[in-house]
Amino acid sequence: MKRQYIIYTAALAMFLHKAQAQETVYPAPAQQKPVYLTNATIHVGNGQVISNGTIAFDKGKIIAVGSNVSAAANATVYDLKGQHVYPGVIAPESNLGLVEFESVRATKDEREVGEINPSVRSLIAYNTDSKVINTLRSNGILLASVTPTGGIISGTSSVVQLDAWNWEDAAYKADNALHLFLPRLVSVGSASNDPFKNSLAQVESVRSFFREAKAYLAEPKHTATNLKYEAMRRLFSKEQKLFIHAELEKEMLLAIDFAKEFNVDVVIVGGADSWRITDLLKANNIAVILTQPHSLPLMQDDDVDQPYKTAAQLQKAGVLFCLSNEGFWQQRNLGFEAGTAATYGLTKEEALTAVTWNAAKILGIDQQTGTLETGKDANIAVSAGDMLDMKSSVITQAFIQGREVNLDNKQKQLYERYKKKYGLK
Amino acid sequence: MKKAFEKPGLVLPSRGLTYALKRHRSQLLLAALLLAGTQAGAQVTFPTNGISEPKEGCYAFTHATIVKDPQTTVTDATLVIRDGKIVDLGPGAAIPKDAVVVDCKGKYIYPSFVDIYSSYGLGEAKRGGGSWNAAPQFLSNTKGAYGWNQSIKSEVNAVSLFNTDAAKAASLRGAGFGTVLTHQQDGIARGTATLVTLADDRENNVIIREKAASAFSFDKGTSTQNYPNSLMGTVALLRQTFLDGQWYKSRPAKEGVNLSLQAWNDNLQLPQLFAVNDKWDAVRADKIGDEFGVQFIIKGGGNEYQRIAEITATKAAYILPLNFPAAIDLEDPTDARFVALADMKHWEMAPSEPGAFEKANIPFALTAADLKDVKQFLANVRKAIEYGLSEQKALEALTKTPATLIKAYDKVGSLEPGKLANFLIASGPVFKENTILLQNWVQGNKYQLKSEGWNDVRGTYSINLSNGQAYTIEVKGAADKPQVSLLQKDTLSGKIDISDNLINMVLPLSKGSNNGLRLSGIIGQDKWMGTAADSAGNSLRWTAMLTRPFQQKSDSTKKIAAAEIGQLLFPFNGYGWDKLPQQQDLLIRNATVWTNEKDGKLENTDVLVKGGKIAQIGKNLSAGNARVIDGTGKHLSAGIIDEHSHIAISKGVNESSQSVTAEVRIADVVNPEDVNIYRQLSGGVTASHLLHGSANAIGGQSQLIKLRWGQSAEELKVAGTDGFIKFALGENVKQSNWGDRNTVRFPQTRMGVEQVYMDAFTRARDYEKQGAGKRRDLELDALVEILNSKRFITCHSYVQSEINMLMHVADTFHFHVNTFTHILEGYKVADKMKAHGAGAGTFADWWAYKMEVQDAIPQNAGIMHEVGVVTAINSDDAEMARRLNQEAAKSIKYAGVSEEDALKMVTLNPARLLHVDSRMGSIKVGKDADLVLWSNEPLSIYAKAEKTIVDGIVEFDREYDLQLRQRIAAERSRLTAKLLNEKKKGTPVEKASYRPEEIYHCEDLQGGHQHEVIQ
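Below you can see the structure in the form of structure tokens.
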């Protein structure tokens, strides 16, 4: 059964995009008429599953979801019998579009010079023509938050949708978060100069910067404008969140303290050891982006499956969290990070929520997306089988803001090219 | 000359006199000649500055308890020395008339200790040669007719560099040492060591054997040369140098004079020391020695007790350091998290090392090397005794054994006539806690270590005052720090102070009184006497007579019960076994069996395992004595074989210093303690092909291991399989991403890579044709094996041009490229690979991490498979290896490969690529019982390996794993309490810190792998 769909998808891809280069994979035009996806298993993203359901969207917005939705006369209807419909997966932490080849310096635009750069914005460097983007879309990843790195305060990330002509089109939520990379608070080896103290000094320098910025912003008039302080305005007014990259307990405690001292919305990015302080995170209302679900345990004594089950521990404690993956091309495996979390303690729907709705909440876009609910953007992935399991996950269709996106990519094109060479079907 | 005069301990006349006397050298010579008439041996070339003062230094030490050697103790005996040597010893030894008699009543005399691992007089151990970003250096920088490699310093002779060092000598003497074997601790071959005493004398006089041993290590020290930059390169260099030494004996014409090799050969006559820092390195060093008929004396690292069976098997003698790890400060619970249980356990168990060696009957000496403060030495010997070492063995390890090991027992190491007068005078048995080392005599020279305590005044005395008053006092405490108390109705403590034989005391005559009786006097031969003042200031006379001698409480050293120090684990890791598992017969009942054979997938099937092999496959099999494992609802597959792995490798995966390093062998550096072995078992991996990295066109030889958790490196290796070697192409080899300094090494282009191969194989072919007497070249030997299809290539490769090129090179030389690994553009040349007979081991979906992977596609494996290339999916990554079943499943997703074929990509196909498919890779009667019981379909992301079986041994069991977690927690909590208590007691503690594990990939320089949280 599943194999049929694979063949169907491949054939469809060939039919639609025969002999096209990546450069002719065009961003889709705005939704022209209503679309109805029927007879599908609909995973709403909030835990709800509708079998044999229909989802309808028009002008980019979801207009109906349920088991008793009948299609309008002028609508495009897809019969998705046996297939699954999901909210588009959101990559909450990525350098997508800022890097094309990790080892080639000229293709890297993620790391600016300097320790404190709050005014640096990733959005304007986001390359919508990166060949990587299409390989994410074709795995159901439809939105991504693009983060600058480098220094302690690296700048602001923006959420982009992955089917755009340029970064302005792509912007889904501009400058949604300011990123603070805490230095590692651990002594390593028997180093004579304690890196721990050095780290604390860096933290203090950031605190000072925050205090100065707050003071500066309290006074409306300045003879000299300080762009770095100005860049903090949206953070203090809570239009922007503070994403603190922290892994270890002491770092996360500092992050919690930052939230309190500066009255800002803090999200922990990383959270390798978040399972150790789930109660504190919950009590302080701190959300977590787990960046490495597929990683080795931090310490040799740790449970061998610790990184796999951290998600379930956070879920159980009621901490708001989402799953991530590091890098850019790696984001296409985000669904499988969720799959692993489902193997190690989450239900499949909770795992799905961890890469959709929860990500939307954390990024501050849950009013527009993250679930398949009426009124939200039609950001939808259709899979022939269970999207969280690589052995059955084959994305057959995807929609961003109601626009059916082209699922072709450079890799599929190369596949076709060499199938042709060898006469393979 | 000048220097000798400035040595402390020598009579130093005024400088003016020195010059005056120099003019009268003839007179001095005359004096010397006169002396020579009686004793020719007393002649020296050195002029005396001042009045010559010939003396024979004859002393008799009487009434002593003399421990001649660990087995022989004589009491009330006399030791007679003359001219720095022992002349007589025993209860009846005659006291020469010219002897100065030293009464040693109550004292113990021991041979001074011998330390045969020292750098005394040669400076500290040196390391850290090359700077990190220096341009590559291909040949030695040592000036002169020496060898090609800067870390082979066989020509260095410690005797030529040796300078006495008064401060160091004094501190070593203070710890009881009289003789040390010292060498320059720099390099892999460190040249010869010289045996010297710790006397403060001219170098000429303290050297007792110029070349007493030859020394080695795995540390290249100050060498700035690139090669070797890995442990396996170091081993290869040692092996090649042994061969080169043999070859050099024929004085090959083209080599010319090679003083390093000459010295290497000369030094082979000597005892051979090899310094390591770890138990497995000890086994490695011994193995190299075995290959060349050399038995090394191994200076250990202090953790050898963890693998005493393997250490025993080396049949080596050991030199054990006593730098026991410091207690760790665990007061901060979050920092405590970063301390591994293994480190806590090592802290607890390390002092048991010498005792463990004694118990296993392994010969060993002790060394003060590696100690931060040599003052700690005796305390640590005592600690080792608490932890199980016998006192007799301790003494042997400090005297007879080290002396015997370096063939110097005729000179030092016991007290016998004719040996050097190197001995210790102690207040009691040397290893008792309260014993004081009073004097250390070296070559007949007295070195006072402590003057207090020589006169042991402890006992009960009656004091008589000239006013008729009488008191009884008791002197007790330590001999060097006595305490006094006045015995009456209320015992009152007073003060006593002894300097030389002058004494003063203050005795409070009543409770709470500030000024009592003050006494000052002399300790005479029979009684104490002197002047006193009472509280009123009246001057009195006093005497004190001993009424009862001090009774030494039997001072038996406390012993720590074995139960108190926890348990060994195999390997020494939280997840180690407390007892190595035994093979047992197993019946896996009623599972879905993925055979990988023509039977395909068998539902509700039993698999019987006997003697580590698959014995039967069928329904309703009888269990017999086999342990039954219920497989209902579960799936059984062959164990996953990771064809490209870098786990379990010690100290470097790349010998990246040269473009061709075919001589290095992963086999030399397998690390059986890597926790990733256990972690990968938890992901169903049963065998891993350990590869050299991809820095060189021709890298090192590979090693196939099975994940036999807890076994030694040798036992991990899969025996009787074909040898493989790693090749590499592209960016890594041409150093594209190594930074601007690395633009020197050939090749820097893909064009050059081809020429490296053409050159290497041409050299190999020519080499093979050379007749007898050729220099055996380990690099070319490996290449000849390739030419003769006795060794097989796994080649790191990305783009089609280079893949094609290597196949052409192979065709030219009539061999086949066995496997292309990574092979991300394999899909472009799959037809050519098939025609050539090459297989592929690839990643499922990696790309974009560097330029040469821009055309990588996740359909690659599928295309190659469809075209008919034997295709495996592999990891190159310790984390991903735990999910290889999922990586294989991506071929279903991207290229529509069938589930059974996808499973083969991580089981049977790698077995085929490794030429072990007759033994592994499928579930077939007669094959190795390497099996995984999955909770779900093996290619599903929802599948967990519940049991992983290797050779019929359940190496990983998810239920047992839960027990291990509890054991780790309990053991951590026990040790945490113990360490906290240690801090509370005031023991110095070290900060808790994170110790990184060794994790390697091919692509370390380019990224692609997940970042480690703590770097």
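Protein sequences appear in the order of chains A and B. Each residue of the first sequence is one higher than the one before, starting from 1 at the first, in the numbering used here. Each residue of the second sequence is one higher than the one before, starting from 426 at the first, in the numbering used here. Glycine is no exception: its CB is placed at the ideal position from the N, C-alpha and C atoms.
Runs of beta strand (DSSP E) lying entirely within the region 893-924 of chain B, each at least 3 residues, in chain order: 895-903, 906-912, 920-924
Alpha helix (DSSP H) segments (min. 4 residues) lying fully within the region 530-609 of chain B: 583-586, 591-599
Entirely enclosed beta strand (DSSP E) segments - the region 1245-1269 of chain B, minimum 3 residues: 1264-1267
Neighbourhood of F995 of chain B by C-beta distance below 6 Å, restricted to the same chain and skipping five residues each side: G1001, W1002, L1005, G1135
Residue from B:V1078, B:V525, B:G1109 with nearest C-alpha to P1363 of chain B: B:G1109
Other residues of its chain near N117 of chain A: CB distance less than 7 Å, five sequence neighbours each side excluded: G151, I153, S154, G155
Nearest to T24 of chain A (by Cα), restricted to the options A:V288, A:M387, A:F210, A:W165: A:W165
Residues bridged to W1002 of chain B (per DSSP): B:F995
Beta-carbon proximity check, I736 of chain B vs V701 of chain B, cutoff 9 Å: no
Three-state secondary structure assigned by DSSP to M1289 of chain B: helix
Cβ-based burial, F563 of chain B [other Cβ within 10 Å; buried from 16]: exposed
Own chain, CB closer than 7 Å to Q202 of chain A, minus 5 neighbours either side, in chain order: I152, P183
Cβ-based contacts, 8 Å cut-off: residues of the region 140-167 of chain A near chain B: none
Assigned secondary structure, N1134 of chain B (DSSP; H/G/I helix, E/B strand, else coil): What sits at residue 1134 of chain B in the sequence shown is Trp, not Asn. Coil.
Own chain, CB closer than 7 Å to L1033 of chain B, minus 5 neighbours either side, in chain order: L1012, A1040, Q1041, L1046, A1051
Euclidean distance between Cα positions of E1193 of chain B and V1158 of chain B: 26 Å
Three-pair Cβ contact test at 8 Å for the region 407-414 of chain A versus the region 167-177 of chain A: no
Boundaries (first-last residue) of the alpha helix (DSSP H) holding L281 of chain A: 278-283
Whole-angstrom distance between G572 of chain B and P677 of chain B, CA atom to CA atom: 14 Å
Residue-chain proximity (A677 of chain B, chain A), Cβ-Cβ < 9 Å: The question names Ala, but residue 677 of chain B is Pro in the sequence shown. By this cut-off, P677 of chain B is not an interface position.
Backbone CA spacing between K901 of chain B and S945 of chain B [nearest angstrom]: 19 Å
V35 of chain A vs G402 of chain A beta-carbon contact at 9 Å: yes
Inter-stretch contact (C-beta, 8 Å, three-pair minimum) for the region 1309-1320 of chain B and the region 1354-1370 of chain B: yes
Any chain B beta carbon closer than 9 Å to A255 of chain A: no
Interface positions of the region 1230-1259 of chain B facing chain A (Cβ-Cβ less than 9 Å), listed along the chain: Y1252, K1253, A1255, D1256
Distance between S777 of chain B and A461 of chain B (C-alpha atoms, nearest Å): Note on A461 of chain B: pLDDT 40, under 50, position unreliable in the model; the coordinate value appears next. Between A461 of chain B and S777 of chain B, the C-alpha separation is close to 54 Å.
First and last residue of the uninterrupted beta strand (DSSP E) at L298 of chain A: It is not in any beta strand (DSSP E) - L298 of chain A carries neither H nor E in the DSSP assignment.
Contact the region 1112-1129 of chain B vs the region 673-691 of chain B: 3+ CB pairs below 8 Å: no
Where the beta strand (DSSP E) through G884 of chain B begins and ends: 884-890
I948 of chain B to T968 of chain B span [Cα, whole Å]: 10 Å
Beta-bridge pairing of V89 of chain A - partner residues as DSSP gives them: A:I141
Element boundaries [beta strand (DSSP E), containing D513 of chain B]: 510-515
Proximal residues of chain B, C-beta to C-beta of Y418 of chain A below 7 Å: Y1252, K1253, I1288
L414 of chain A burial status per 10 Å Cβ neighbour count (16 or more: buried): buried
Against chain A: residues of the region 772-787 of chain B by CB proximity under 7 Å: none
Within 8 Å of chain B by C-beta, residues of the region 299-316 of chain A in sequence order: M299, Q300, D301, D303, V304, D305
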